[in-house]
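Student:
Residue numbers (UniProt numbering): 1 to 145.
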């Protein structure tokens, strides 16, 4: 990768290539990069979530989230439950099948990470993670919107 690329461009290219590789491995599991991310959020939070919460966590707009959730529900990976406090709203819950698929995805996602970081010094990798975490934090901080 060219050193003349801006950091943002470099990170964007890396993220897109990573997603391409992941999507190839996700296809046999009836998932895509877009559809496995909500499952991960549901597992991370450990409770049913409103679609709006998932969309905000994944930086998605409402219409994209609706489409993705419909697909996941049709595949049996999530269920919708009414929100007793607000009849217009509902919660999304990961199903046992959705959790099983997510476990498979996490396994080969970790394998991809291991492959691409092989040969990189552990200290360099730890520094890289810290720097990326700081950049992420600053991107979500005040003054950039």
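Glycine included, each C-beta is placed from N, C-alpha and C at the ideal position.
Within the present structure, is the beta-carbon of residue 136 separated from the nearest heavy atom of the ligand ADP by less than 7 angstroms?
Tutor: In the structure shown, the ligand ADP is absent, as is every other ligand, since no ligand is present at all.
Student: Could you spell out where the beta strand (DSSP E) holding residue 83 opens and where it closes?
Tutor: Reading the chain shown from its first residue, position 83 is the one you call residue 83. It spans 78-83 - the beta strand (DSSP E) in which residue 83 sits, taken as one unbroken run.
Student: Check whether the region 68-82 touches the region 27-46, counting contact only when three or more Cβ pairs, one atom from each stretch, lie closer than 8 angstroms.
Tutor: Touching, yes, given that three or more Cβ pairs across the two stretches are closer than 8 angstroms.
Student: Pairing CB atoms from the region 47-59 with CB atoms from the region 95-111, are three or more of them under 8 angstroms?
Tutor: No, they do not touch.
Student: Cα-Cα, which of 78, 121, 22 is closest to residue 43?
Tutor: Position 43 of the chain shown, counted from the first residue, corresponds to residue 43. With distances taken between Cα atoms, residue 43 lies closest to 78.
Student: Who are the near neighbours of residue 125 in its chain, counting only those whose CB is closer than 7 angstroms to its CB and skipping five residues on each side?
Tutor: One-based indexing of the chain shown puts residue 125 at position 125. Around residue 125: 117.
Student: Do residue 93 and residue 48 have their C-beta atoms closer together than 8 angstroms?
Tutor: To locate residue 93, count along the chain shown from 1; it is residue 93. To locate residue 48, count along the chain shown from 1; it is residue 48. Contact flag set, yes.
Student: Taking the beta carbon of residue 110 as the centre, do at least 16 other beta carbons fall within 10 Å, making it buried, or is it exposed?
Tutor: Reading the chain shown from its first residue, position 110 is the one you call residue 110. Exposed is the call here.
Student: Going by beta carbon distance, what residues of the same chain come within less than 8 angstroms of residue 30, once the five residues before and after it are set aside?
Tutor: Indexing the chain shown from 1 puts residue 30 at position 30. Excluding sequence neighbours, residue 30 sits near 75, 101.
Student: Give the C-beta separation of residue 98 and residue 72 to the nearest angstrom, bearing in mind that I take them to be a contact with Cβ-Cβ under 8 angstroms.
Tutor: Start at 1 with the first residue of the chain shown, and residue 98 comes out as number 98. Start at 1 with the first residue of the chain shown, and residue 72 comes out as number 72. That belief holds up - the Cβ atoms of residue 98 and residue 72 are roughly 7 angstroms apart, short of 8 angstroms.
Student: Tell me the residue span of the beta strand (DSSP E) that contains residue 86.
Tutor: Numbered from its first residue, the chain shown carries residue 86 at position 86. It spans 86-94 - the beta strand (DSSP E) in which residue 86 sits, taken as one unbroken run.
Student: Return the chain-ordered list of same chain residues with a C-beta closer than 7 angstroms to the C-beta of residue 89, the five sequence neighbours on each side being excluded.
Tutor: The residue labelled residue 89 in the question sits at position 89 within the chain shown. So the list reads 50, 83, once near-sequence residues are dropped.
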